[in-house]
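Chemist: This note's numbering numbers the first residue of the sequence shown as 22 and each following residue consecutively.
This is the structure I have questions about; it appears just below.
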Amino acid sequence: MDGIILIEGGGVILGNEPVLLTPGPLTTSPATREAMRRDWGSWDTGFNRMTQTICADLVEIVHGGNDYVCVPLQGSGTFAVEAALGTLVPRQARVLVPDNGAYCARIVRILQRLGIDYVELKFAEHEPASVAAIEDALNADPRITHVAQVHLETSAGLLNPLEEIAAVCRRRDVRLIVDAMSSFGALPIDLRAGGIDALVSASGKCLEGVPGMGFAIVRRSLLEASAGQSPSLALDLYDQYAYMQKTTQWRFTPPTHVLAALRAALDQFLAEGGQPARGARYRHNCETLVNSMRALGFEPFLAPEVQAPVIVTFHAPRDPKWRFADFYNAVRDAGYILYPGKLTEVETFRVGCIGAIDENEMHNAVAAIARVLTALGISVR
Ligand SMILES: *Cc1c(COP(=O)(O)O)cnc(C)c1O
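Laid out in structure tokens, this is it:
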């Protein structure tokens, strides 16, 4: 059985790795994977310098200048979201959470665990957060001190109007914490416009690193005023920051290979032309995907004007023979990993357009989907 990997569902993949059309982990470049072939000691000055250059680049991507600092954190993206909320939001605060999907709902669950008061502002899963409704909610409840906003709701692939929401928060002097997990690096975010106090993202999404590290880009003055606030030891962003400032080292064992891969991924990101180029490639991937899926009869769940170029939700075919698991397994055997839907109301599935992929992969993936539909005898229209 040497060299044969058996995976769930009995599929056998020999040598050829599948292309991940998912919102992370995603397909990384050979150079990014190559960067993980050496070991680093956590005391190594070369390693600690690497951490510093990564943090400086991350702040620069969103034009944070000297007013913002980057605090990296071990773990997946949710660890960093929970760390940011726990560190930056005082226990007596009240947080407004505009909610149009599963990642917004996750913020609510984190606030519940932290024992922080919140107001949930519900929207439909296809509906961007309304700036007017946010302003109304702030008017109705002057005790609201913070807004926690998901920029790109990955559940449906929906873009929320971050700039306008930030403008409201700035005007109202309300703190704004943004989950920019699946938008950071791909969509423009400019901290110089004001209004955003913290942005949270991770290594394994649009930066095309491997998963394992989150980070928060925080207004320096806010972070420095947050000592002792986190109820958690491991998720205390202030402690992580203060320790790094003092020692240049990570507070606990760093994910060394993840950092090395992220350094390589950022070098490629900058060589590609930074956020504008990354966003343009994803937009092109997304258009290619949507147009060729439409040609097969698939309908996107979202209206084009609110569809972010990161992951696309499609309605499942109405054919009674449709079973997502069968479709998924057959497309996987053809070399492409799709993603299940994450909506509560309608049967959908998702296809990502991020990672080290271009329009060729999108064309090939849709061709594979077409062959699978024929083989399974499923009609889309
Ligand atoms: C991926 C993602 C997260 C973090 O999820 P993890 O599974 O912890 O990596 C949080 N918010 C959004 C919007 C995401 O897309």
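Note that the Cβ used here is the ideal one computed from N, Cα and C, for glycine as well.
Using only CA atoms, which one of Gly230, Asp260 and Phe335 lies nearest to proline 46?
Modeler: Within the sequence shown, numbered from 1, the residue matching residue 46 stands at position 25. Closest option to proline 46, Cα to Cα, is Gly230.
Chemist: Does the beta-carbon of alanine 123, which I'm using as the reference point, lie nearer than 8 Å to any heavy atom of ligand 2?
Modeler: With respect to small molecules bound, the structure shown includes ligand 1 and not ligand 2.
Chemist: Do you know whose CA, among Ser151, Leu179 and Gly225, lies nearest isoleucine 375's CA?
Modeler: Your numbering for residue 375 matches position 354 in the sequence shown. Residue Gly225 is the option with its Cα nearest to isoleucine 375.
Chemist: Count the other CB atoms within 10 Å of the CB of valine 367; is the residue buried (16 or more) or exposed (fewer)?
Modeler: Along the sequence shown, one-based indexing puts residue 367 at 346. Per the 10 Å Cβ criterion, exposed.
Chemist: Would you list, in sequence order, the uninterrupted beta strand (DSSP E) runs of no fewer than 3 residues that lie entirely inside the stretch 328–357?
Modeler: For the stretch 328–357, whole beta strand (DSSP E) runs of length 3 or above, ordered along the chain, are 332–336.
Chemist: Out of Ser97, Glu174, Arg58 and Asp78, which one is the CA nearest neighbour of proline 330?
Modeler: What you label residue 330 is simply residue 309 of the sequence shown in a count that begins at 1. That would be Glu174, whose Cα lies nearest to the Cα of proline 330.
Chemist: Enumerate, from N- to C-terminal direction, the unbroken beta strand (DSSP E) stretches of 3 or more residues contained entirely within the stretch 142–224.
Modeler: Runs of the beta strand (DSSP E) inside the stretch 142–224: 167–171, 196–200 and 219–223.
Chemist: Taking the C-alpha atoms as reference points, what is the distance between glutamate 29 and alanine 346?
Modeler: Position 8 of the sequence shown, counted from the first residue, corresponds to residue 29. Position 325 of the sequence shown, counted from the first residue, corresponds to residue 346. Annotation note: pLDDT 43 at glutamate 29 (below 50); position unreliable, coordinate value reported separately. The alpha-carbon atoms of glutamate 29 and alanine 346 are separated by roughly 11 Å.
Chemist: Which residue marks the beginning of the beta strand (DSSP E) containing phenylalanine 370, and which one marks its end?
Modeler: Within the sequence shown, the letter at position 349 stands for residue 370. 369–373 is the span of the beta strand (DSSP E), which, as asked, contains phenylalanine 370.
Chemist: By the three-class DSSP mapping on this structure, what secondary structure does glycine 318 have?
Modeler: Position 297 of the sequence shown holds residue 318. Glycine 318: coil per DSSP, three-state reduction.
Chemist: Contact check, leucine 317 vs isoleucine 390 under 8 Å by CB: the rounded distance?
Modeler: Along the sequence shown, one-based indexing puts residue 317 at 296. Along the sequence shown, one-based indexing puts residue 390 at 369. That pair is a contact at about 7 Å.
Chemist: Among Thr309, Gly178, Thr72 and Ala187, which has the Cα closest to the Cα of glutamate 382?
Modeler: For the purposes of this step, residue 382 is identified with residue 361 of the sequence shown, where counting begins at 1. Answer by Cα proximity: Thr309.
Chemist: Going by alpha carbons, who is nearest to glycine 122 out of Arg299, Gln170, Ile155 and Ala56?
Modeler: Residue mapping note: residue 122 aligns to position 101 of the sequence shown, counting from 1. Of Arg299, Gln170, Ile155 and Ala56, the residue nearest in Cα terms is Gln170.
Chemist: At a cut-off of 8 Å, would you count arginine 127 as near ligand 1, judging by its Cβ distance to the nearest heavy atom?
Modeler: Here the question's residue 127 lines up with position 106 in the sequence shown. Correct: arginine 127 has its Cβ closer than 8 Å to ligand 1.
Chemist: Within its chain, find whatever has a CB closer than 6 Å to the CB of isoleucine 399; leave out the 5 residues flanking it on each side and keep chain order.
Modeler: For this step, residue 399 is matched to residue 378 along the sequence shown. Closer than 6 Å at Cβ, skipping near neighbours: Pro338, Asp340, Lys342 and Trp343.
Chemist: Going by beta carbon distance, what residues of the same chain come within less than 8 Å of glutamate 293, once the five residues before and after it are set aside?
Modeler: Indexing the sequence shown from 1 puts residue 293 at position 272. Within the same chain, glutamate 293 has close Cβ partners Arg299 and Arg302.
Chemist: In the DSSP assignment, what are the bridge partners of valine 92?
Modeler: Taking the sequence shown and counting its residues from 1, one reaches residue 92 at position 71. DSSP lists Ala237 as partners of valine 92.
Chemist: Three-state secondary structure (DSSP) at valine 40?
Modeler: Indexing the sequence shown from 1 puts residue 40 at position 19. In the structure shown, valine 40 sits in a strand (DSSP, three-state: E or B).
Chemist: Return the Cβ separation of glycine 216 and cysteine 190 in integer angstroms, given the expectation that the two are a contact with Cβ distance under 8 Å.
Modeler: Taking the first residue of the sequence shown as 1, we reach residue 216 at position 195. Taking the first residue of the sequence shown as 1, we reach residue 190 at position 169. Indeed they touch by this definition, with Cβ atoms about 5 Å apart.
Chemist: Taking the alpha-carbon of isoleucine 75 as reference, which of Leu280, Gly373 and Gly62 has the nearest alpha-carbon?
Modeler: Counting from 1 along the sequence shown, the entry for residue 75 is found at position 54. Of the candidates Leu280, Gly373 and Gly62, the one whose C-alpha sits nearest the C-alpha of isoleucine 75 is Leu280.
Chemist: Secondary structure at glutamate 382, three-state DSSP: helix, strand or coil?
Modeler: Locating residue 382 in the sequence shown gives position 361, where the first residue counts as 1. Helix, per DSSP.
Chemist: Alpha carbon to alpha carbon, how far is leucine 287 from arginine 115? Give it in angstroms, no decimals.
Modeler: Here the question's residue 115 lines up with position 94 in the sequence shown. Here the question's residue 287 lines up with position 266 in the sequence shown. Cα-Cα distance, rounded: 36 Å.
Chemist: So does serine 253 have its beta carbon nearer than 8 Å to some heavy atom of ligand 1?
Modeler: On the sequence shown, position 232 is the one that residue 253 refers to. The answer is no for serine 253.
Chemist: Taking the beta strand (DSSP E) that leucine 117 belongs to, which residues open and close that run?
Modeler: What you label residue 117 is simply residue 96 of the sequence shown in a count that begins at 1. Per DSSP, leucine 117 belongs to the beta strand (DSSP E) from 115–120.
Chemist: Using a Cβ-based criterion (distance less than 8 Å to any ligand heavy atom), does methionine 234 qualify as near ligand 1?
Modeler: Taking the first residue of the sequence shown as position 1, residue 234 is located at position 213. Result no, Cβ not under 8 Å from ligand 1.
Chemist: Below 8 Å CB to CB, which residues in the same chain sit around threonine 365 once its five sequence neighbours on both sides are set aside?
Modeler: Here the question's residue 365 lines up with position 344 in the sequence shown. If we look at threonine 365 and ignore the five residues flanking it on each side, its Cβ neighbours are Glu146.
Chemist: Ignore the nearest five residues each way along the sequence and tell me which others in arginine 304's own chain have a CB closer than 8 Å to its CB.
Modeler: Counting from one through the sequence shown, the residue named residue 304 turns up at place 283. Cβ neighbours of arginine 304 beyond the five flanking positions: Pro330.
Chemist: Specify the secondary structure class of aspartate 260 as computed by DSSP and reduced to three states.
Modeler: Position 239 of the sequence shown, counted from the start, is the residue given in the question as residue 260. In the structure shown, aspartate 260 sits in a helix (DSSP, three-state: H, G or I).
Chemist: Taking C-beta to C-beta, are alanine 214 and methionine 57 nearer than 9 Å?
Modeler: Indexing the sequence shown from 1 puts residue 214 at position 193. Indexing the sequence shown from 1 puts residue 57 at position 36. Contact: no.
Chemist: Just how far apart, CA to CA, sit leucine 41 and alanine 386?
Modeler: In the sequence shown, counting from the first residue as 1, residue 41 sits at position 20. In the sequence shown, counting from the first residue as 1, residue 386 sits at position 365. Rounded to whole angstroms, leucine 41 to alanine 386 spans 10 Å at the Cα level.
Chemist: Whole alpha helix (DSSP H) runs in the stretch 255–303 with 4 or more residues, listed along the chain?
Modeler: Those alpha helix (DSSP H) runs which fall completely within the stretch 255–303 and span 4+ residues are 258–268 and 277–293.
Chemist: Can you tell me which of the three DSSP states proline 361 falls into?
Modeler: The sequence position of residue 361 within the sequence shown is 340, counting from 1. Residue state, collapsed to three classes: strand.
Chemist: Is the distance from the Cβ of alanine 237 to the Cβ of valine 92 below 9 Å?
Modeler: Within the sequence shown, numbered from 1, the residue matching residue 237 stands at position 216. Within the sequence shown, numbered from 1, the residue matching residue 92 stands at position 71. It is a contact, given that the beta carbons lie within the stated cut-off.
Chemist: If you count every other CB in all the chains shown that lies within 10 Å of the CB of threonine 49, and 16 or more means buried, which is it?
Modeler: Residue mapping note: residue 49 aligns to position 28 of the sequence shown, counting from 1. That one is buried.
Chemist: Using DSSP bridges, identify the partner residues of tyrosine 139.
Modeler: Counting from one through the sequence shown, the residue named residue 139 turns up at place 118. Answer is Val116, bridged to tyrosine 139.
Chemist: Leaving out five residues before and five after valine 102 in sequence, what residues of the same chain have Cβ atoms less than 6 Å from its Cβ?
Modeler: Here residue 102 corresponds to residue number 81 of the sequence shown, with the count starting at 1. Taken in chain order, the residues that qualify are Asp200 and Val221.
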